[in-house]
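Below is one structure, written out as structure tokens; the observations come after it.
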Amino acid sequence: MSWYTKAIEEKKPHRKTLWVHCKKCKSHIWGEEWEKNLNVCPNCNYHDTITSWQRIELLFDKGSFHELFENISPVDSLNFTDLKGSYKDKIQANKKKSGISESVITGHGKIKGFNVATAIMDFRFLGGSLGSGTGEKILQAANFAYDYGLPYIVFSASGGARMQEGVLSLMQMAKTCAGVARLNKKNIPFISVLLNPTTGGVTASYAMMGDLNISEPGAVIGFAGRRVIEQTIGEKLPDDFQTAEYLLEHGFIDSIVQRKDMRDYLANVLSYYNR
Amino acid sequence: MSWYTKAIEEKKPHRKTLWVHCKKCKSHIWGEEWEKNLNVCPNCNYHDTITSWQRIELLFDKGSFHELFENISPVDSLNFTDLKGSYKDKIQANKKKSGISESVITGHGKIKGFNVATAIMDFRFLGGSLGSGTGEKILQAANFAYDYGLPYIVFSASGGARMQEGVLSLMQMAKTCAGVARLNKKNIPFISVLLNPTTGGVTASYAMMGDLNISEPGAVIGFAGRRVIEQTIGEKLPDDFQTAEYLLEHGFIDSIVQRKDMRDYLANVLSYYNR
Amino acid sequence: MVVATGVKVIEKAKKQKLSHNSKTSKVSAWETVKISRHPQRPILQDYIQKVFTNFVELHGDRAFGDDTAIIGGFAQIGNQKVMLIGHNKGKNTTEHIERNFGMAKPEGYRKALRLMKLAQRFNLPIVTIIDTPGAFPGLEAEERGQAESIARNITEMANIEVPIISLVIGEGGSGGALGIGVGDRILMLSNAIYSVISPEGCASILWRDAKYAPDAAEALKITAQALLENNIIDEIIKEPAGGAHTDYEQMASEVNKVLLRNLKSLSNYSVAELLDMRFEKYSAMGKFAE
Amino acid sequence: MVVATGVKVIEKAKKQKLSHNSKTSKVSAWETVKISRHPQRPILQDYIQKVFTNFVELHGDRAFGDDTAIIGGFAQIGNQKVMLIGHNKGKNTTEHIERNFGMAKPEGYRKALRLMKLAQRFNLPIVTIIDTPGAFPGLEAEERGQAESIARNITEMANIEVPIISLVIGEGGSGGALGIGVGDRILMLSNAIYSVISPEGCASILWRDAKYAPDAAEALKITAQALLENNIIDEIIKEPAGGAHTDYEQMASEVNKVLLRNLKSLSNYSVAELLDMRFEKYSAMGKFAE
Ligand SMILES: [Zn+2]
Ligand SMILES: [Zn+2]
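Chains as they are written, first to last, in the working numbering: chain B, 216 to 490; chain R, 216 to 490; chain A, 64 to 353; chain S, 64 to 353.
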């Protein structure tokens, strides 16, 4: 199945919803309008989640995206079972629900003619969590960028490390960053796009290591959870805490880009790479 | 005249003072005791200024120090004259007063057997200000360290850039740091010892760039002057502002070492250099 | 008070040895958690005194502050000179507070990275000692880049051109541990733990109640033995019977021996070999289907 | 109000042209100071609009904040892509305050260094635009390492592996200017100044009264012409008669032309040649007896 067909297929379930309820401003938007506006609320500019395939369709030149490492998928190596059941069952359920087999799609493609290697996380798959399969795919795509001298763009959307894989998941932080470190050494640009939400171990590894860190308006980006911090300091946090705007002000984000402008913005940045 | 003779000669004027008045605790200390205690107040541990030659005698193995670039001295290239007279006259007066011809002594020597290149600033000469001659000597000594693969230790004591040389003086910050940059690239250790006082352009250049930044207790180290900052913020500054202890707390100093322990401390640190 | 509780835990652990996990005659994961957090368990300060000599502590990140939750400096072990960097929890309530219970802030991780680069300049191998519940989850830590500082360390440690040995002596708390924990050899004391999330945290998310922490501890496979089996760590340093706190001298002597052996074996590689091996090591981490 | 004063200064300057410094028919150093601080003098924002195209502003030092007194990002001049970094004073009172009058804090210098390293990664030459009364002399700036951040920039700029051109468009205020001012070519507009200390500051120290600022300005040799004669700068870009503020378009066109010519001439060197030349350039700075 071609990438384009995949993207089209995916859209179908959305079409079923006639009205979309904006999570931020609570307005009801006509489903078709919502989609046409790229899942961004026309009323309050809330940038809602989109799937990896939707993002690929949005950003890459038509027909230019080639998926890589698509057969990689999670295994329940610790036989992890919590109250709600086994990790094994969750994997199956998430595969079925999302139609993808890990929390990230990797590949290469063209953005307005600029060739890049890329990884696009998908929040639908186990909350975009960083499992061994995720880490492997993100590293392999980095290695592809390294081998072919292509800029590497990672789009993150993740709740953090995948608890069900224990320390194997934690180590994916080091594994993915080892890939970034090699790109750094070879002076290959690494661009990180931090989407809503990017938290925990993903923020504390590759997502924060972009030569450019870019975000979308209002995206939540943080390390520790809001509740944990409030418990630690015994105070309520400011409303804009851990938003992209807040991180820009504190020096961690280069720029916040509207979803509709992202393709042009990335192409423009890529045009400055001069090797 | 050998370095040792120079150091001995220098001590004589001090001997004339029977009693020393500690600038900090105001106690009167018997001159000989004061000197025996390395110009450190036995009462309050105030570390008073010592001359470059005294420091050389204190730190280097007997007879091991060889002066380099000693003929470099300032010239009044801008014909600078203020209300109190010409820079030319000031140079002469300072040479005569201090017996040295620039605000820094440069050379190489051994500290408990470890060979190093070194520059030792002298606050007596135009307030240890960074003139073209100072910059030249500090760079030349860095180049000597570079050529012979020796660790480089700079002892700073300076009021900052030398106004009477205008931008020529400012550029000495870049000139000296260019020397440090070459040492960095060749992985040759650069150790900075920031003595009382180290301020302005000297702090904002080589003095702050040590692989290790070391100081003596109570030394004043800062960029902007206390009064200028108080005028800017309209508040009185804390008492310990810009002391070595304050800088340690804020992350800029590795350790504060008593004058009597400095030789052992440096030798110990040098013993860790493994190339 | 705290001490007494801790001791009680150990007694209990000893009693339960055979009941809970009889086929391997080992204590349960949760009991290991308790031993790893034992108030009398030796901390970095103890190893600095008993394993290392001639410690020269170095301070500061050169940008914001000096985080006392992470200690670092030159140190010697036998005749081998190293850069030693580690979390320090402190030994009593005063020290716990002073050291923030070993929970570092961005300036701590940045100090650590500065010292690693200093080690590179001086050509000294690096030994990092891990013992933290995790990176400090505070407002200001977040503002100053807790995530950035850990991410940068993890990334740059991949390129540090001297050998790096990491030893988990107590709690290996998630990203806060990994922030100084990327290396050529990862070692653990036999009762230390290393986890992606605290068992309590995991239980309150996945079991909806922190009281299931023992179940979470078991499920997360956080013991040295489990981590060795999953190829996360390279070697276990055996603790004295009853735990490291029962015999500081024996523990120190074991640590000394194992560190020296690993330092020696790593000294045989060129920089290029070392970095290739390190990259391969981390490339191989994780289990997935293909 | 401020504008009016500025304009008056210029008028006065024009009148005094022949009286004060008749043999060269140039304005005095102090009058140059006033022109360099003229409220309508073009600032970085203006050059971004008139000299450069396609500016992509990048933010943040990745550690503490985003200092708006220093602006940086990708930019294009003609067909040449560069990394553009400079002080921005702002154009009116609101902007002055927002931009802290172009007085940067440590996070500003650290952002600048980050962008220079980014330029290195993207293989883009760097253009820095200098226009600041000096680094900000505040308590927090001092605490967070005003000295360290400037020192580090000066040092690391010596090793940055792409061409660097610095252009002083207004005030080159001491270390605050030099912190982004180490390069392969140092250019100045003809009415810009570059000084080790403000004339007022120098006067209040050496003349014991700030009112002697005009004497200090003369003595400090801070004009472009004096600096060219002392081999501090490489080239003067001629301003329109009456000063840069009298004709933005002509000024922009001159800057464009000279920057492009210098960028082109620097593109001929290998990295090794470039760094050697840069080292030699700074090694030769200063005058002393031997
Ligand atoms: Zn809305
Ligand atoms: Zn005293």
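Every residue, glycine too, gets a C-beta built ideally from N, C-alpha and C.
Counted within 10 angstroms of its Cβ, other Cβ atoms place residue i as buried (16 or more) or exposed
| i | result |
| --- | --- |
| ASP455/R | exposed |
| LEU147/A | buried |
| GLN334/A | Just to set this straight, residue 334/A is Val in the shown sequence, not Gln. Exposed: under 16 other Cβ atoms inside 10 Å. |
| ASN163/S | buried |
| ASP476/B | exposed |
| TYR302/B | buried |
| GLY416/B | buried |
| ASN309/R | buried |
| THR156/S | exposed |
| TRP93/A | buried |
| ILE295/A | buried |
| TRP245/R | exposed |
| ARG271/S | exposed |
| SER88/A | No answer about SER88/A holds up, because its pLDDT of 48 lies below 50 and its placement is not dependable. |
| GLN269/B | buried |
CA-to-CA distance, residue j to residue i, given in whole angstroms
| i | j | result |
| --- | --- | --- |
| GLU224/A | ILE243/A | 15 Å |
| PHE284/B | GLY350/B | 12 Å |
| VAL290/R | ALA352/S | 6 Å |
| VAL364/A | ASN216/A | The requested residue 364/A is not part of the displayed model; chain A covers only 64 to 353. |
| PRO188/A | GLY235/A | 21 Å |
| ASN186/A | MET348/A | 28 Å |
| ILE232/S | THR131/S | 18 Å |
| ALA482/B | GLY324/B | 12 Å |
| ASN254/B | GLN387/B | 30 Å |
| TYR172/S | GLY208/A | 18 Å |
| ILE265/R | SER328/S | 50 Å |
| PHE329/R | SER430/B | 53 Å |
| GLY136/A | GLU120/A | 4 Å |
Beta bridge counterpart(s) of residue i as assigned by DSSP
| i | result |
| --- | --- |
| THR191/S | ILE148/S, SER229/S |
| TYR110/A | None, per the DSSP bridge assignment. |
| THR116/S | GLN139/S |
| VAL435/R | THR458/R |
| ARG248/S | ILE228/S |
| HIS243/B | HIS236/B |
Coarse secondary structure for residue i, derived from DSSP in three states
| i | result |
| --- | --- |
| GLU282/R | strand |
| LYS325/R | strand |
| THR333/R | strand |
| PRO169/S | helix |
| TYR261/R | coil |
| ASP124/S | coil |
| PHE355/A | Absent from the structure is residue 355/A, since the part of chain A shown begins at 64 and ends at 353. |
| PRO200/A | coil |
Pair within 8 Å by beta-carbon distance, residue i and residue j
| i | j | result |
| --- | --- | --- |
| PRO105/S | TYR311/S | yes |
| LEU427/B | ILE326/B | no |
| VAL369/B | ILE353/B | yes |
| VAL435/R | PRO412/R | yes |
| SER318/B | ASP304/B | no |
| HIS122/S | ILE468/B | yes |
| ASN117/S | GLN139/S | yes |
| GLY433/R | THR414/R | no |
| CYS265/A | ALA287/A | no |
| GLY149/S | ILE192/S | yes |
| ILE403/R | ALA360/R | yes |
| LEU385/R | VAL259/S | yes |
| ALA393/B | TYR345/A | yes |
Interface residues of chain C facing residue i [CB-CB closer than 8 Å]
| i | result |
| --- | --- |
| LEU463/R | In summary, chain C is missing from the structure at hand, where the protein chains are B, R, A and S. |
Exercise for review: Report all residues for which the CB-ligand distance to some heavy atom of ligand 4 is below 5 Å; order them along the chain.
Suggested key: This structure lacks ligand 4; its bound ligands are ligand 1 and ligand 2.
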